[in-house]
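The numbering of the sequence shown is our numbering, which starts it at 48 and goes up by one. Positions of the beta carbon are idealized from the N, C-alpha and C atoms, including for glycine. The structure appears right after this line, and notes come after that.
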Amino acid sequence: MKYLEMLRENTLPMVGTFCLKVILAIVIYLICSRVIKWLCTILRKSMTKAGVPAEGVSFINSLAKVGLYALLIFSIATQFGVQATSVAALLASAGVGVSLALQGGLSNLAGGVIILIFKPFTVGDYIIEDTGNHEGTVQKIEMYYTTLLTMDNQRVMVPNATLTNNIITNVTAMDQRKLDIKVGISYDSDLKRAKEILMGLIEQEERIAKDNEIQVFVDALADSCVRLGLRAWVKTEHYWDVRWKLNEEIKTSFEAAGIRIPYPQMEIHVKKEGKDGKKSGR
Numbered sequence: 048m049k050y051l052e053m054l055r056e057n058t059l060p061m062v063g064t065f066c067l068k069v070i071l072a073i074v075i076y077l078i079c080s081r082v083i084k085w086l087c088t089i090l091r092k093s094m095t096k097a098g099v100p101a102e103g104v105s106f107i108n109s110l111a112k113v114g115l116y117a118l119l120i121f122s123i124a125t126q127f128g129v130q131a132t133s134v135a136a137l138l139a140s141a142g143v144g145v146s147l148a149l150q151g152g153l154s155n156l157a158g159g160v161i162i163l164i165f166k167p168f169t170v171g172d173y174i175i176e177d178t179g180n181h182e183g184t185v186q187k188i189e190m191y192y193t194t195l196l197t198m199d200n201q202r203v204m205v206p207n208a209t210l211t212n213n214i215i216t217n218v219t220a221m222d223q224r225k226l227d228i229k230v231g232i233s234y235d236s237d238l239k240r241a242k243e244i245l246m247g248l249i250e251q252e253e254r255i256a257k258d259n260e261i262q263v264f265v266d267a268l269a270d271s272c273v274r275l276g277l278r279a280w281v282k283t284e285h286y287w288d289v290r291w292k293l294n295e296e297i298k299t300s301f302e303a304a305g306i307r308i309p310y311p312q313m314e315i316h317v318k319k320e321g322k323d324g325k326k327s328g329r
């Protein structure tokens with residue numbers, strides 16, 4: 048009985064102290080989480096005012112958030128009597144296993160650093176990742192993922208390692224893009240008139256850069272058509288609007304001028320035998 052009483056006297060204070068520490072740890076975590084969010088907001092605004100590119104802001108902000116939360120958890124652990132040296136030894140011993148388990152994550156982190164240093168694209172660029180058919184406008188670049196916004200407003204998160212290990216096409220990297228439109232006309236249509244119409248459409252389009260090279264040419268003498276081509280320069284943001292408009296105007300202008308745009312076709316000549324046994328062609 049005396050033993051049980053002594054055990055009760057020693058255990059109850061320990062349990063009470065432990066519960067108090069748990070409650071205190073939860074309170075500290077909730078308060079510090081708000082502080083971390085506040086610090087990250089200040090960091091983001093400060094970097095933006097300092098002229099840091101948007102991709103650098105999102106990457107550094109996410110890195111700082113992870114570091115602050117790791118420091119918070121480490122501090123809370125020490126409040127429960129865990130020695131800092133013990134935590135360091137535990138992290139060191141687990142480092143190899145964690146690194147092997149998180150090879151993909153580490154490669155994505157390295158990919159994020161490479162993107163920030165070499166800048167194959169920045170926030171706001173429209174990119175195409177050729178192997179995985181991922182494409183869209185870069186919304187943000189973080190520690191492990193780059194977020195793309197597709198044309199139909201879908202959010203796609205692509206691992207940074209995928210973007211650094213494969214071919215990337217940066218559609219909007221340059222201020223201007225070259226229009227390269229091909230259209231076929233029938234062999235019996237007026238070739239010179241067709242070229243005049245194409246040149247006239249180019250001259251009427253105000254968004255085409257008139258001080259850059261403009262070409263209207265015969266691209267090929269194909270099987271079922273004479274293929275014409277036109278090349279001109281436009282600002283990148285106007286590329287698709289001008290291309291779609293010209294395609295429509297070419298069709299309507301050619302029809303109005305009697306210039307036929309043929310479709311692939313094949314002529315078949317049938318030979319049959321006459322009464323005299325000789326074959327006649329048709």
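Sequence-distant partners of Phe264 (beyond 5 residues in either direction) whose C-beta falls short of 6 Å from its own C-beta, in its chain, are Gly276. Beta-bridge partners assigned by DSSP to Gly183: Ile174. Annotated three-state conformation of Asn259 is coil, per DSSP.
In this structure, the CA atom of Val99 is about 25 Å from the CA atom of Glu182. Short of 7 Å from the beta carbon of Ala111, and not among the five residues preceding or following it, lie these beta carbons of its own chain, in chain order: Cys87, Leu90. Taking 8 Å as the cut-off, the Cβ atoms of Ile232 and Val273 count as close. Our two residues, Gln223 and Met246, have alpha carbons roughly 20 Å apart in a direct line. About 7 Å separates the beta carbon of Thr209 from that of Glu176, a gap short enough to meet the 8 Å contact definition.
Beta-bridge annotation (DSSP): Ile188 is paired with Thr193. Going by DSSP, Val317 is part of no alpha helix (DSSP H) at all; its letter is neither H nor E. Contact between the segment 155-170 and the segment 74-86 is absent: fewer than three C-beta pairs spanning the two stretches fall below 8 Å. DSSP places Val218 outside any alpha helix (DSSP H), giving it a letter other than H or E.
Only residues of its own chain outside the window of five on either side were considered, and among them Arg274 have a CB closer than 6 Å to the CB of Ala267, listed in chain order. Counting only residues of its own chain and dropping the five nearest sequence neighbours on each side, Tyr173 has a CB closer than 6 Å to the CB of Thr184, Val218, Thr219. Per DSSP, Met204 is not a residue of any alpha helix (DSSP H); the beta strand (DSSP E) it occupies stretches across 202-206. For Gly276, the uninterrupted beta strand (DSSP E) segment begins and ends at 273-282. Where Asp288 is concerned, the enclosing alpha helix (DSSP H) starts and stops at 286-303. Its Cα nearest to that of Asp227, the residue Ile261 stands out among Ala241, Ile261, Arg81. The beta carbon of Val170 lies closer than 8 Å to those of Pro100, Ala101, Glu102, Ser105, Val185, Gln186, Lys187, Ile188 in the same chain, with the five residues before and after it left out.
When the beta-carbon positions are compared, Met190 and Ser109 come within less than 8 Å of each other.
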